[in-house]
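Taking the numbering used here, the leading residue of the sequence shown gets 17, the next gets one more, and so forth.
We put the beta carbon where it would ideally sit given N, CA and C, even for glycine.
Everything numeric in this text was worked out from a predicted model, so none of it was measured.
To start, the structure itself, in structure tokens.
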Amino acid sequence: MLSRLELRAGELLAILDDLLLLSRLKEGLGTQPAEPVSVAEALEAACSSFQKEATERQLTLSTEITARPSFLEIRTICDCFGANY
Numbered sequence: 017m018l019s020r021l022e023l024r025a026g027e028l029l030a031i032l033d034d035l036l037l038l039s040r041l042k043e044g045l046g047t048q049p050a051e052p053v054s055v056a057e058a059l060e061a062a063c064s065s066f067q068k069e070a071t072e073r074q075l076t077l078s079t080e081i082t083a084r085p086s087f088l089e090i091r092t093i094c095d096c097f098g099a100n101y
């Protein structure tokens, strides 16, 4: 039961962190200059981080990147994310 409480407390803390981040984004606090991010590299890094677990579960995890922008600015993502809330 204690482990369940710790899990739920961690989940609530994550939600609180997200809400604080959203409030900072809305106020424009803590914003950094936009920098280019390679979409392909970000997707490949995300998939490779899950590859070991997928293999252990006998799942196939792959990426196929076609006709997408090669770079995206981080600020654009944050602006769109913040505008939805």
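_Could you tell me the alpha carbon to alpha carbon distance between L37 and A30, rounded to whole angstroms?_
Counted from its first residue, the sequence shown places residue 37 at position 21. Counted from its first residue, the sequence shown places residue 30 at position 14. So the two alpha carbons sit approximately 11 Å from each other.
*Which residues bound the beta strand (DSSP E) around S54?*
Your numbering for residue 54 matches position 38 in the sequence shown. Counting along the chain, the beta strand (DSSP E) containing S54 begins and ends at P52 to S54.
*Roughly how many angstroms lie between the CA atoms of A52 and G44, to the nearest whole one?*
As a first step, residue 52 is located in the sequence shown; it is residue number 36 there, counting from the start. As a first step, residue 44 is located in the sequence shown; it is residue number 28 there, counting from the start. Strictly speaking, residue 52 in this sequence is Pro, with Ala absent from that position. Straight-line measurement puts the Cα of G44 at about 19 Å from the Cα of P52.
*How would you write the range of the alpha helix (DSSP H) that S78 sits in, first residue to last?*
Here residue 78 is taken as the residue at index 62 of the sequence shown, counted from 1. Taken as a continuous stretch (DSSP letters only), S78 belongs to no alpha helix (DSSP H), as it is neither H nor E.
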